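Undergrad: Protein chains in written order, with the numbering used here: chain H, 66 to 552; chain F, 66 to 552.
A virtual CB, placed ideally from N, CA and C, is assigned to each residue, including glycine.
Since the model is a prediction, treat every value here as computed from it, not as a measurement.
Structure incoming, see below.
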């Protein structure tokens, strides 16, 4: 399973440059890691990035991990057009309000002005709704469980690699159901799949729950979200799932003949996760030496670095090749056998690229029939015998994953505080304390007041019993909400 | 490996309708198969199709088969922007001439007119060339071997599902090399990979070779192609690979410092294959009962159809489930356990969808501990014992693949004729004889004359020694060319 997901560093980069410290210059640190680990590059098109092979290899592993989960729950992939007629976007009132300002319009094609401009899809509910109206006839055709992997475009003003780009890659699931209950169960199931993926594969703990009305997807009855906490105390919305009720069914006339012989509108859902989570992964796990990759989405689990003296070069190289070959049957391995750079340079290089485990092998290790394992998360170097090496490396990979999740969870817990009053909320947000847990009466006026004072937004309503008074009006609270500043 | 790549047929289709005969109404037959096998549907956007789950599952298998081959030859995937600034397209003179008439232009975004229109990529040489100029510094950075899976848009006048659509999915490889020889070897290697994929996985025999100057990719030094023959006698260009020489390197200033310490332009290639080959597959292998899928890209290798009487329904169904479960460990299996339709209906349904092998199991088969295997290619039904069933099905799948290739090759051979004169060429093309092999002096004037008379085009120059006179001017021939009408 050897991959080649990286390129030989370009000449100018052969001396690895310092990156700014993560703690003090977080934003500069992020950009430096994205560029120097060769995850992405800026493009000549404003707001669009190029995802370089090493970054794309991570995205491919993310896609596979998600696609597996989608298919295991009965979903199938399909592909719908990139272009959406203007009139379609306008069919669902809230939807067009939400998306129209962000749309890129094709107005000319084949040398002619178009009679109706075509939107480059910002999301595909409308065109998929139109097709579902053609395909769905009877209750026997339900549920329809379709997912699409594609690019979408949203005209953003300020952009940052992965986190907010004009064009981005994502998946969007679109399902149609016979009953409101089935649609609700689907929306919740997909949120749970996102949580399981982000926590289980990316080692990023999240808060999981419902969006307040003010933050719903345009056209949704109910929106669900997973929210992660970044090291600067800001929340990152990392995946959303929407129960669209019958809003799109009515707008696009998606009806079915039920077993009672009456015609009814279907209930639909949509859910999406984008390459934005790759940005989250960089921020949460990276350190002053660069990227740190959770093993399940690392293009290389392991890099093997031979440490050779001139005298025993071939011998050490042979052993390194054997070790890499053996490990390569069980995991993704890269052998770094370059001769024009030193082992020390290679260590720094692969640390920058976040490879979870380094395997060192030098002349003395030959006699001892051992290698040295070094986890990217720091901690002890450990000499491990050749016999049973695969198992030892696998354990260390699991350890690295566990350690990354443990650290991120500790950070999340330390940076989640409770606030009983608006002033407490304002103070906690001002001190960059991360998530602030408040009790809320559920009224929009109170939400708006809390937003305005704190300059933070309600990220997620969790399923916990609320007690005590609303932080704003003091009437009995009905919901527990986490506020934060957000990306 | 059970998949769910299809949907329960919609109510209106529950009675399978006749499709026109392939032999007499080829074009109508093609459209009927695309729609009725639920491979694709028309969309409300002119020239754009929706690829439905069953069609997309075939495309996913094609992607995997190609991606495996690309990675095995050292290529890595990346992602470049959908939008290309107008000025970029104009940098390479031939390139802009070739593509500008087909471009869709974004002129408005975020509520404002753009100062420079953005092309929706028709192909990505220009934007990738720009990035390569930034990334490549030294001979040590070469070769760069990148592939991209993406959508592209070309404003076509007449469109047909898969064969010619305004938006289509494809892959485009873009490589940069130190020498002209390496670039030439790469272009040829990728053509050979396409040939191996189309013949080996799609069971479609092709002619493989060079394009004449008049048919080159805009901006290429040399273009290679694989050409398949469709049942209406027309050629289908099924994959192309281009040696771009230093044309794009000069246009985008892609230079490297060589080991001799001088600065040089790189040599680049590009190569692409699209979902068009899915159209080719439908046309070549399909028959009057619908689609026939070559096993390697069939979403289901096998469909298991239980044939139950009311009395022994559970018993037969249990056995069918066991059989499907066992086979499912080795291949992609679908169990059709629907009760609302008859076995005969299911046979017709899965024949329409082209599943290569049907497994029938009824009450009498329980006693005999056997099943009946029916290949989609026709021929004998065969009773096979449960013991060793996996091996028997695997052999039958190989047989189906071989039979499909054999038939297509026989057709290709029968429909490839030689012509010594322009009149022979005209007669052969007029009689829809398929490929017409001619000897040619290599001069454009003769090519143009042959084109004009025959209304056919030179599809491919093969690597065979030419003998005899040019079909037009009678001077000694230098090349062997196959003419045909083409999609």
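Using beta carbons (cut-off 9 Å, strictly below), is residue 70 (chain F) in contact with chain H?
TA: Because residue 70 (chain F) sits at a pLDDT of 38, beneath the cut-off of 50, its placement in the model cannot be relied upon, and the point is left open.
Undergrad: Helix, strand or coil for residue 75 (chain H) per DSSP?
TA: Per-residue confidence for residue 75 (chain H) stands at a pLDDT of 41, beneath the threshold of 50, marking its modelled position as unreliable; the derived number appears in the next sentence. Residue 75 (chain H): coil per DSSP, three-state reduction.
Undergrad: CA-CA distance, residue 173 (chain F) and residue 171 (chain H)?
TA: For residue 173 (chain F) and residue 171 (chain H), the distance between alpha carbons rounds to 7 Å.
Undergrad: Can you tell me the Cα-Cα spacing of residue 291 (chain H) and residue 542 (chain H), whole angstroms?
TA: Whole-angstrom Cα-Cα distance: 23 Å.
Undergrad: Taking residue 337 (chain F) as the reference, which of F:179, F:394, F:238, F:450 has the closest Cα?
TA: Considering only alpha carbons, the answer is F:238.
Undergrad: Taking residue 476 (chain H) as the reference, which of H:298, H:208, H:274 has the closest Cα?
TA: The residue with the shortest Cα to Cα distance from residue 476 (chain H) is H:298.
Undergrad: Out of F:544, F:347, F:455, state which residue places its alpha-carbon closest to the alpha-carbon of residue 391 (chain F).
TA: Nearest C-alpha to residue 391 (chain F): F:455.
Undergrad: Going by other Cβ atoms of all chains shown within 10 Å of its Cβ, with 16 needed for buried, is residue 177 (chain F) buried or exposed?
TA: Flag for residue 177 (chain F) reads exposed.
Undergrad: Let me check understanding here. Comparing Cα to Cα, which of F:187, F:521, F:340, F:371 lies closest to residue 162 (chain F)?
TA: Taking only the C-alpha atoms, the option nearest residue 162 (chain F) is F:187.
Undergrad: Taking the alpha-carbon positions, what's the residue 135 (chain H) to residue 141 (chain H) distance?
TA: So the two alpha carbons sit approximately 8 Å from each other.
Undergrad: Within the stretch 347-372 of chain H, note down every full beta strand (DSSP E) run reaching 3 residues or more, in order along the chain.
TA: Runs found: 367-371.
Undergrad: For the stretch 279-310 of chain H, which residues have a beta carbon sitting closer than 7 Å to at least one beta carbon of chain F?
TA: For the stretch 279-310 of chain H, which is checked against every Cβ of chain F, not one residue is closer than 7 Å.
Undergrad: If you draw a straight line from the C-alpha of residue 76 (chain H) to the C-alpha of residue 218 (chain H), how long is it?
TA: Note that residue 76 (chain H) has pLDDT 39, beneath the 50 cutoff, so the model's placement of it is unreliable and no number is given.
Undergrad: Short of 8 Å in beta carbon distance, which residues of its chain neighbour residue 431 (chain F), apart from the five on each side in sequence? Order them along the chain.
TA: Same-chain partners within the cutoff: 377, 380, 381, 384.
Undergrad: DSSP three-state call for residue 326 (chain F): helix, strand or coil?
TA: In the structure shown, residue 326 (chain F) sits in coil (DSSP, three-state: anything other than H, G, I, E or B).
Undergrad: Is the CB of residue 76 (chain F) under 9 Å away from at least one CB in chain H?
TA: Residue placement at residue 76 (chain F) is poorly supported in this model, since its pLDDT is 40, which falls under 50; the coordinates still yield a value, given next. Chain H contact via Cβ: present.
Undergrad: Mind checking residue 241 (chain F): buried by the 16 CB within 10 Å criterion, or exposed?
TA: The residue is buried, with at least 16 neighbouring Cβ atoms inside 10 Å.
Undergrad: Going by Cα to Cα distance, which pick from F:352, F:504, F:268, F:410 is closest to residue 466 (chain F)?
TA: That would be F:268, whose Cα lies nearest to the Cα of residue 466 (chain F).
Undergrad: To the nearest angstrom, report how far apart residue 249 (chain H) and residue 332 (chain H) are at their CA atoms.
TA: Each residue's alpha carbon lies about 9 Å from the other.
Undergrad: Please go through the stretch 166-212 of chain H and give each complete alpha helix (DSSP H) segment of 4 or more residues, from N-terminal end onward.
TA: Qualifying alpha helix (DSSP H) stretches, in chain order: 190-200.
Undergrad: Taking three-plus beta-carbon pairs below 8 Å as touching, is the stretch 207-222 of chain F in contact with the stretch 305-314 of chain F?
TA: Contact fails: fewer than three Cβ-Cβ distances are below 8 Å.
Undergrad: At which residues does the alpha helix (DSSP H) containing residue 389 (chain H) begin and terminate?
TA: Here the alpha helix (DSSP H) through residue 389 (chain H) covers 378-393.
Undergrad: Are residue 503 (chain F) and residue 529 (chain F) close, meaning C-beta to C-beta below 9 Å?
TA: Their beta carbons are not under 9 Å apart, which means residue 503 (chain F) does not touch residue 529 (chain F) by this criterion.
Undergrad: Given that residue 44 (chain H) touches chain F, what residues does it touch there, using C-beta distances under 7 Å?
TA: Because chain H spans 66 through 552 in this model, residue 44 (chain H) falls outside it and cannot be assessed.
Undergrad: Chain H partners of residue 173 (chain F), CB-CB under 7 Å?
TA: Ordered by position in chain H, the residues that pass the 7 Å Cβ test against residue 173 (chain F) are 170, 172.
Undergrad: Comparing the C-beta of residue 122 (chain F) with each C-beta of chain H, is any distance below 9 Å?
TA: So, interface residue.
Undergrad: Mind checking which residues open and close the alpha helix (DSSP H) that includes residue 431 (chain F)?
TA: Unbroken alpha helix (DSSP H) run through residue 431 (chain F): 428-433.
Undergrad: So, helix, strand or coil for residue 286 (chain H), using DSSP?
TA: In the structure shown, residue 286 (chain H) sits in coil (DSSP, three-state: anything other than H, G, I, E or B).
Undergrad: By DSSP's criteria, residue 400 (chain F) is part of a beta bridge. Which residues make up the other side?
TA: Residue 400 (chain F) is bridged to F:369.
Undergrad: Which residue comes first and which comes last in the alpha helix (DSSP H) that contains residue 332 (chain F)?
TA: Looking at the DSSP string, residue 332 (chain F) is not in any alpha helix (DSSP H); the run it does join, the beta strand (DSSP E), is 332-339.
Undergrad: Give me the subset of the stretch 189-201 of chain F whose CB atoms are less than 9 Å from a CB atom of chain H, sorted by chain position.
TA: Listed in sequence order: 192, 193, 195, 196, 199, 200, 201.
Undergrad: Indicate whether at least one CB of chain H lies closer than 9 Å to the CB of residue 116 (chain F).
TA: Yes - at least one Cβ of chain H is within 9 Å of the one on residue 116 (chain F).
Undergrad: Does any C-beta atom of chain H lie closer than 9 Å to the C-beta of residue 227 (chain F)?
TA: Taking Cβ atoms only, chain H never reaches closer than 9 Å to residue 227 (chain F), which makes this a no.
Undergrad: Cβ closer than 9 Å: which chain H residues qualify as neighbours of residue 164 (chain F)?
TA: Per Cβ cutoff of 9 Å: no residues; residue 164 (chain F) is ~12 Å from chain H at best.
Undergrad: With DSSP as the reference, please indicate the residues paired to residue 481 (chain H) in a beta bridge.
TA: Partner(s): H:500.
Undergrad: In three-state DSSP terms, what is residue 536 (chain H)?
TA: Reduced to three states, the DSSP call for residue 536 (chain H) is coil.
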